[in-house]
Amino acid sequence: MGKDSAKESEIWKDPRFSHLVNDPRFKNISESRRKVKIDRRFQSMFKDPKFSLKYTVDKYGRRVEKDQSDALKKYYALSDDEEEEEKVQEAKEESGEEDSSDDENDDLEVGEKIDKKMKKRLKDLEVDYARGEANILTDSSSDDESTEDDEEEVPLIMSG
1 MGKDSAKESE
11 IWKDPRFSHL
21 VNDPRFKNIS
31 ESRRKVKIDR
41 RFQSMFKDPK
51 FSLKYTVDKY
61 GRRVEKDQSD
71 ALKKYYALSD
81 DEEEEEKVQE
91 AKEESGEEDS
101 SDDENDDLEV
111 GEKIDKKMKK
121 RLKDLEVDYA
131 RGEANILTDS
141 SSDDESTEDD
151 EEEVPLIMSG
């Protein structure tokens with residue numbers, strides 16, 4: 001093999017092929033980019049007997065002792081969500097942002113108030129929200145006022 005590696009280095013020094021050294025079409029893909037990352041929910045795929053097929057003969061008729069699970073490990077890698085979350089937190093800390101639980105609690109209280117109002121409006125049987133007769137997100141008092149104003153503005157015309 002020593003001679004082969006020496007020949008390979010000579011080939012790359014040849015001016016006819018030297019431009020291919022930096023050509024991305026001929027570079028090997030890194031293993032982290034080669035494998036498809038799948039979620040932890042699918043980790044049982046590697047152990048479940050439904051996903052593992054044992055072959056005794058390959059497509060050419062040669063005897064082989066391979067499992068399908070080996071092929072799965074070749075193409076898939078489990079994603080590390082925890083590591084990604086840690087990286088995001090580190091980036092936030094480096095930028096000087098800190099998680100403020102007070103702001104989150106204020107947002108939750110406002111959200112709870114809105115949810116209570118929406119539940120009350122949805123329980124109102126007089127309005128059919130499925131047909132789009134009323135808007136859930138607006139105040140009902142403002143809706144009532146606008147309908148009364150519209151009725152007052154229209155003058156009655158007598159035909160005679």
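Residue numbers (the UniProt record's numbering): 1 to 160.
The beta carbon of each residue, even a glycine, is placed where N, CA and C say it ideally should be.
Here the structure is a predicted model, which is why all the values come from computation and not from measurement.
Just confirm the distance between the C-beta atoms of residue i and residue j, as a whole number of angstroms; I'd bet it's less than 8 Å.
{"i": "W12", "j": "S18", "result": "6 Å"}
{"i": "Q43", "j": "L78", "result": "6 Å"}
{"i": "K35", "j": "Y75", "result": "6 Å"}
Using DSSP with H/G/I as helix, E/B as strand and the rest coil, what is residue i?
{"i": "I114", "result": "helix"}
{"i": "L122", "result": "helix"}
{"i": "E90", "result": "helix"}
Which word fits residue i, buried or exposed, when buried means at least 16 other C-beta atoms lie within 10 angstroms of its C-beta?
{"i": "P15", "result": "exposed"}
In the region 1-87, which residue ranges form an unbroken beta strand (DSSP E) of at least 3 residues, counting only runs that do not cross its ends?
If only uninterrupted beta strand (DSSP E) runs of at least 3 residues are considered, those enclosed by the region 1-87 are 36-38, 54-57, 63-67 and 76-78.
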